[in-house]
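Student:
Numbering (the working numbering), first residue to last: 22 to 998.
Following this line, the structure appears as structure tokens:
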């Protein structure tokens, strides 16, 4: 062969192969040749030999490629017909099974998948095809099978999933894959149930489980439902399709009831629950600490090998795996249309998981052994928050809350499926009775007992997670709480609502308390957002749906159907109220008493739970959150009111006069008697008095409070609009690297190495410190006072931002005006005669030095430790007879005299150094001494921690006011006549 022939021969060969692919006859000839070579190699060669295994793999790959290419070409498809007639899948399945080679197995699986996807010759309906494929899948996935890689394993499970998809679309395919010992499954379920066909005879002996050979595809999927990733997703979805197909086959329905599906699912869920850590501490990643915790006394809890942190990646992975399998249970129940299959699953869920695992872990938990109560309460909360299937929720709460069982039905089961389920239930009950003869039950100690005990714990994390659990139950499953967790009473039919005058008075009371805390900012926008959030929470509550849902039409006055009539579930919620002596309410109010020294997380949970107690539309707030109308006391009307009323009644008819008098009575404000107030309203008043005590003893309290408020506003702005990440550049040689955000957050002064100072510095650095020329939220600069004290009073009540330079102590005199105002500058004689550039530099240096010294004093104040102040303080004057405002009034930051006194005190403290003998220290020491004398230990926290809690408390007051205001309009619970 010459040079040109050798050069052109590959091209001619390629063209010949393309022609063969286009020609059906040539394509079939090539397919037969490859298949013959495959059989010849299999019969003559040793499959353990590497070369022979590689040859088999190549031949299988060629066959798959030909079939795949032909399925995309127009008819005819002779290769697919040849594969069906010759049943090439039978020897191919044997080759793959005997090879024990993953690559040969993978190519065989791809060939089977190609035949199924071709949708020709009815491969998926052929018993020989199903037998060959299931034998292959059982051999390679069994205990003695080949160790498959993740990719091959994924292809195997995906192939099984594709088969279940076709069974779901065409139930007539089922008999090819599901065969009982008595014969193939009967697809006509409805005829058997209706009695047109005789039911199959009951088995002679009930073993409690079926044969895997009856439905191998089913058990292959069951073996993979606990896996993660694509493999688990394919297995779980395929199993859902099989359970859904039970609605069209009576034989399959009975087989699933008698199978060990429910046992395997329940034990698998229990195994995943057992993998979760027994001891847990709630923590946040150091690089992602919420600002409200960074600006408090938050300390990362200690974790160990036994005590796991909630932010551990391994723990998060285990928890997500457990919750995903729990959601799979929910999906199974949602797809299952068979009552018997669903009942069997729920029985095993209750007996194996609830009674044998979940309840014992709750019973054995303790808050003194490193966080086992924190762990189990957190797991239970995540379970209740993840599930929404009414049957599963009913099982969990019905059992844990020790609700009375419903009476069993006296109707005897008639169908063979019902008889099989009854036998299965009896065997399960007998087996569990033998294991738990002396086990405790919720009748002796239920979830309510555990919650009340944990709320009295000394472990703040236990209190925090307990309140979170209570909040989840109140928000999502309130009707289970009103007869167990809460001590309630049904409202009588003749009960009356509170009057509009009393309502306005109570809302004004809360708003006035919030205003007494003081501060500057856009409170109108803040309160408007709180109103919107409160409206959303009230409307989305499950109990309120019947009250706020729109009518279907003008002719049909039926309300939307809501699934609330489940067997054993509590009855519909009726109008009720909370008793003032309710143990849960008393425990929450006890925590509210020590609000300012509580951890911030605890206070957030306390305020959240208090609001959740009152968001149900059927819950009346009179008597425990608002004053009871039965206790209203009115003073005598004034002469002017009598005159105006007489004049109006003189020109009105008798009916109109009576209506006017009723309007006047409802608009009148009852006498404000502290003795008649609910406990919560008295507590919030005392807490406001404590804020006044802190203001009187902590230097520059209002300024520190305003700085903290602006820091939170800036943090919110940074979270809403995160800065763009610049491309990383290596630092110059010899230049120190800029600290990361986490490092800045954790940087603090030597007096208190916490996240407070570093976080505040980071926030101020975003505003341009030390010149501080940027506004916290990008607002335009407004003309404002520099903050100096004037003979006429304190600073003007304009918006105070971190840009405003405060009045420094006397040892740091300021000889210039606020440069942000752009007004005339007060220059010293030396600077007036010098160079303007030097003057500017000196002023910048002086401003930087003064601001740094001033910030150091503030940080020293923030680091001081204080306790709860003495309640013996003059009450804050509140004017409750004027019209109520919707938002708190803006208060001046500080009076002039107060500023001078505080600056003088700061100067003395600065001169005294670390040995500070301020009023705060003396008061705290005296209080501590009194506590020691009484045998009680007083909690001391930093001033920074108190300031953060004060801001949380002010927001809580506005939330309570918004709650009353929104409820009055949404549920029409205020009367005007």
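Virtual Cβ for every residue (Gly too), placed ideally from N, Cα, C.
With three or more beta-carbon pairs closer than 8 Å as the criterion, would you say the segment 616-631 touches the segment 522-530?
Tutor: Flag = no, the segment 616-631 and the segment 522-530 do not touch.
Student: Near residue 73, which residues of its chain fall below 8 Å by C-beta distance, leaving aside the five closest residues on each side in sequence?
Tutor: Result list for residue 73: 62, 66, 67, in chain order.
Student: Note the first and the last residue of the continuous alpha helix (DSSP H) segment covering residue 58.
Tutor: Residue 58 -> alpha helix (DSSP H) spans 45-65.
Student: For a test of the three-state rule: what should DSSP assign to residue 597, helix, strand or coil?
Tutor: Strand.
Student: Beta-carbon within less than 6 Å of residue 128's beta-carbon, same chain only, minus the 5 sequence neighbours each way: which residues are those?
Tutor: For residue 128, where only same-chain residues beyond five positions count, the Cβ hits under 6 Å are 78, 81, 82.
Student: Would you decide whether residue 654 is buried or exposed? Buried here means 16 or more other CB atoms lie within 10 Å of its CB.
Tutor: Residue 654 is exposed by the Cβ-count criterion.
Student: Buried or exposed, going by whether 16 or more other CB atoms sit within 10 Å of the CB of residue 388?
Tutor: Buried, by the Cβ-count rule.
Student: Just list the residues that DSSP pairs residue 301 with in beta bridges.
Tutor: In DSSP, residue 301 forms a bridge with 329.
Student: If you compare alpha carbons, which of 176, 879, 411, 615 is closest to residue 706?
Tutor: Of 176, 879, 411, 615, the residue nearest in Cα terms is 615.
Student: Quick check: what's the CA-CA separation for residue 770 versus residue 734?
Tutor: The predicted model places residue 770 with a pLDDT of 33, which falls under 50 and marks its position as unreliable; any figure quoted below should be read in that light. Spanning the two alpha carbons is a distance of roughly 23 Å.
Student: Determine, using beta carbons only, whether residue 398 and residue 490 come nearer to each other than 9 Å.
Tutor: The answer is yes: Cβ separation under 9 Å.
Student: Just how far apart, CA to CA, sit residue 483 and residue 695?
Tutor: Roughly 34 Å separates the two Cα atoms.
Student: Tell me whether the segment 605-614 and the segment 307-319 touch, counting them as touching only if at least three CB pairs, one residue from each stretch, are closer than 8 Å.
Tutor: With the cut-off at 8 Å, the segment 605-614 and the segment 307-319 do not touch.
Student: Helix, strand or coil, according to DSSP, for residue 280 in the structure here?
Tutor: Coil at residue 280, not helix or strand.
Student: So, at 6 Å on beta carbons, what are the nonlocal neighbours of residue 329 in its own chain, with the 5 sequence-adjacent residues on each side left out?
Tutor: Hits under 6 Å: 298, 301, 336.
Student: Quick one, are the C-beta atoms of residue 162 and residue 263 less than 9 Å apart?
Tutor: No, Cβ-Cβ distance for residue 162 and residue 263 is not below 9 Å.
Student: Which of helix, strand or coil does DSSP assign to residue 76?
Tutor: Correct three-state label for residue 76: helix.
Student: Which class does residue 155 belong to by DSSP, given the choice of helix, strand or coil?
Tutor: It is helical.
Student: Please list the terminal residues of the continuous alpha helix (DSSP H) segment that includes residue 528.
Tutor: 521-538 is the span of the alpha helix (DSSP H), which, as asked, contains residue 528.
Student: At 4 residues or longer, and completely inside the segment 455-520: list those alpha helix (DSSP H) runs for me, N to C.
Tutor: For the segment 455-520, whole alpha helix (DSSP H) runs of length 4 or above, ordered along the chain, are 468-476, 481-497, 499-502.
Student: Please list, in chain order, all residues of the same chain as residue 715 whose beta carbon is under 7 Å from its beta carbon, the five residues on each side excluded.
Tutor: So the list reads 722, 890, 967, once near-sequence residues are dropped.
Student: Who are residue 640's beta bridge partners in DSSP?
Tutor: According to DSSP, residue 640 bridges with 597.
Student: Considering Cα atoms alone, identify which of 271, 108, 198, 592 is closest to residue 241.
Tutor: Checked all of 271, 108, 198, 592; the closest Cα to residue 241 is 198.
Student: Buried or exposed: residue 94, going by 16 or more other Cβ atoms within 10 Å of its Cβ?
Tutor: Flag for residue 94 reads exposed.
Student: Shortest alpha-carbon distance to residue 96 belongs to which of 141, 113, 104?
Tutor: Closest by alpha carbon: 141.
Student: For residue 963, write down the residues that DSSP places opposite it in a beta bridge.
Tutor: Partner(s): 886.
Student: In three-state DSSP terms, what is residue 618?
Tutor: Here residue 618 sits in helix by DSSP.
Student: Assuming contact is defined by CB atoms lying nearer than 9 Å, are residue 167 and residue 138 in contact in what I supplied?
Tutor: No, the Cβ-Cβ distance between residue 167 and residue 138 is not below 9 Å.
Student: Less than 9 Å between the beta carbons of residue 699 and residue 601, yes or no?
Tutor: Yes, the pair counts as a contact, with Cβ atoms nearer than the cut-off.
Student: Where do the N-terminal and C-terminal ends of the alpha helix (DSSP H) with residue 547 fall, by residue?
Tutor: Element bounds for residue 547: 544-561.
Student: May I ask which residues mark the beginning and end of the alpha helix (DSSP H) holding residue 137?
Tutor: From DSSP, the alpha helix (DSSP H) with residue 137 extends over 123-139.
Student: For residue 252, which residues from the same chain have a beta carbon less than 8 Å from its beta carbon, with the 5 sequence-adjacent residues on both sides left out?
Tutor: Excluding positions up to five away in sequence, the list reads 171, 174, 175, 178, 245.
Student: Given this structure, state the Cα-to-Cα distance separating residue 408 from residue 559, to the nearest angstrom.
Tutor: Taking the straight line joining both Cα atoms gives about 21 Å.
Student: With DSSP run on the structure shown, which of helix, strand or coil describes residue 717?
Tutor: Looking at residue 717 - three-state DSSP - the assignment turns out to be helix.
Student: With contact counted as at least three CB pairs below 8 Å, one residue from each stretch, are the segment 970-977 and the segment 485-503 in contact?
Tutor: Cβ pair count under 8 Å is below three, so no.
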